[in-house]
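Taken in order, the sequence shown gives residues 28 to 370; the numbers are from the numbering used here.
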Amino acid sequence: MNIETKPMEPTADLVDSFSRTISYLRLSLTDRCNLHCKYCMPDDDTKGLQVLQHEDLLTYEELLRIVNIAVNMGMNKLRLTGGEPLVRKGVMGFVASLAKIKGLEEIRLTTNGVLLSDKAVGLYEAGIRKLNISLDTMRPERFKSITGVDMFHKVWKGIETAERIGFDVKLNVVAMKGVNDDEFVDFARLAVDRDFQVRFIEFMPVGSDSTWKEASYISSADLKEMIGKIGVLEPLSGCRMDGPARVYTLDMPDGRQGKVGFISPISHHFCETCNRLRLTSAGRLRACLLHDKEADLKSLLRGGATDEELRALIRQTILDKPKGHTLADDKINCSGQMSRIGG
Ligand code: SAM
Ligand code: SF4
């Protein structure tokens, strides 16, 4: 298979019914994970954790074909996520193949950091420069209680390795009242002490077994108020939005500065500027994280579809992208599992 394509301008095919240009593809490489975060993979004693069988995942060859078609349509940004993308066998070779696709300007990765200290150099050499690393606590015991695994020190080593190598690191912190709210200020200080942006994500009720409850939700406005007590938060000029994050400088009384971001899918959703399309680890196209409507790309692909037919399904999914989600109205349309959809 020739995986090279010519650089493309976004085509009209990427414009959805609400005039948004959908140029950003997110691939969930696997629904498996080496952590077991309570809010993402809640335990269900009756069913156990349901994970896909290997043959249910799209192969790397299939994924490369889809990415090529998407890039030909003008998509230029890709994020690898999951589950934990770095646990999938052969992921480094896949990244290297992706990096050869002309027109794909940026490949980003979201990871829990567990395998980063081993894989960071390879990822950098393959051309990845931007990493989102998830970390909800800096306390090893609490880390174990949130993720089910005693891996804080391994993750921290991964974060330090990524920083040292020169990655643009963003630390993602899910803000949960009664779980890690006594660390938000510490995380904000970390953004001042270290060379990475810390981004707080509002806790979302994703999945039918979600542990989300009203009492554990804290809004970005409340978070900002807490962090505003240690320094002055100023919206970053010229870059108000960094993807879905609203980014601020945090000016400390001692003259030092850091960057903190707030991702507010519930209190201040960013649907009107959403440019994303997801391919779930089950091979289904999904236009909105918080709407269950999906298109079965895998069946079409495995049924012998031509590139034109696959492109038409991508086009249709873009056209069907909902205007927005309704989480703030308490109507949850997302019963899918976060790790399968790709967070
Ligand atoms: N395993 C990788 C990781 O943890 O970074 C990638 C997949 S994970 C599903 C992607 C992101 O989704 C993580 O930052 C995680 O904290 C976030 N996430 C998972 N469930 C969430 C929820 N219910 N509300 C808000 N963020 C959530
Ligand atoms: Fe795994 Fe990431 Fe989900 Fe945690 S948030 S269980 S690390 S996929």
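Where is the CB? At the ideal position from N, CA and C, for every residue including glycine.
Host beta strand (DSSP E) of residue i (start-end)
i	result
Gly-369	No beta strand (DSSP E) contains Gly-369, which DSSP labels as neither H nor E.
Pro-161	For clarity, residue 161 is Ser in the given sequence; the question names Pro instead. 157-161 is the extent of the beta strand (DSSP E) around Ser-161.
Thr-276	272-278
Thr-137	133-138
Beta-bridge partners of residue i, as assigned by DSSP
i	result
Leu-54	Leu-107 and Leu-306
Pro-262	Tyr-275
Tyr-244	Met-203
Phe-289	Phe-227 and Arg-273
Arg-312	Residue identity differs from the one stated: residue 312 is Leu in this sequence, not Arg. Answer by DSSP bridge pairing, in chain order: Leu-306 and Ala-322.
Leu-198	Ile-160 and Val-225
Gln-284	Asp-278
Thr-48	Val-42
Extent of the continuous alpha helix (DSSP H) run through residue i
i	result
Val-206	Note, Val-206: premise wrong, no alpha helix (DSSP H); not H, not E.
Asp-213	211-220
Val-118	118-126
Phe-170	167-174
Trp-183	179-192
Asn-99	87-99
Ala-147	143-152
Glu-336	334-346
8 angstroms contact criterion, which residue i and residue j should meet: CB distance rounded
i	j	result
Met-165	Val-141	Contact flag wrong, Cβ pair sits at about 16 angstroms.
Ile-293	Met-231	7 angstroms
Ala-272	Arg-226	5 angstroms
Gly-270	Ala-218	Not really, about 17 angstroms apart at Cβ, beyond 8 angstroms.
Met-253	Val-206	Between Val-206 and Met-253 the Cβ distance is about 15 angstroms, and since that is not below 8 angstroms, they are no contact.
Val-287	Ala-215	6 angstroms
| task | Evaluate the contact criterion for the stretch 114-129 versus the stretch 54-65: three or more CB pairs, one atom per stretch, below 8 angstroms. | result | Because the criterion of three Cβ pairs below 8 angstroms is met, the stretch 114-129 and the stretch 54-65 touch.
Would you call the stretch 176-185 and the stretch 144-164 touching, i.e. three or more CB-CB distances under 8 angstroms?
With the rule of 3 Cβ pairs closer than 8 angstroms, the stretch 176-185 counts as touching the stretch 144-164.
Worksheet entry | Stretch pair the stretch 141-159 + the stretch 196-207: three plus CB contacts closer than 8 angstroms | The count of Cβ pairs closer than 8 angstroms, one atom from the stretch 141-159 and one from the stretch 196-207, reaches three, so the stretches are in contact.
ask   = Hey, which residues come within less than 7 angstroms of the ligand SF4, measuring from Cβ to any heavy atom, in chain order?
value = Selection output, chain order preserved: Cys-60, Leu-62, His-63, Cys-64, Cys-67, Met-68, Gly-109, Gly-110, Glu-111, Asn-139, Ser-161, Thr-174, Met-365, Ser-366 and Gly-370.
Inter-stretch contact at 8 angstroms, needing at least 3 Cβ pairs: the stretch 337-344 / the stretch 281-289: With contact defined as three or more Cβ pairs closer than 8 angstroms, the stretch 337-344 and the stretch 281-289 are not in contact.
Contact between the stretch 43-54 and the stretch 295-307: three or more CB pairs below 8 angstroms? As far as the Cβ criterion goes, the stretch 43-54 touches the stretch 295-307, which means the pair count is three or higher.
**Asked** So does the stretch 124-137 actually touch the stretch 90-108, counting three or more Cβ pairs closer than 8 angstroms?
**Response** Touching, per the Cβ criterion.
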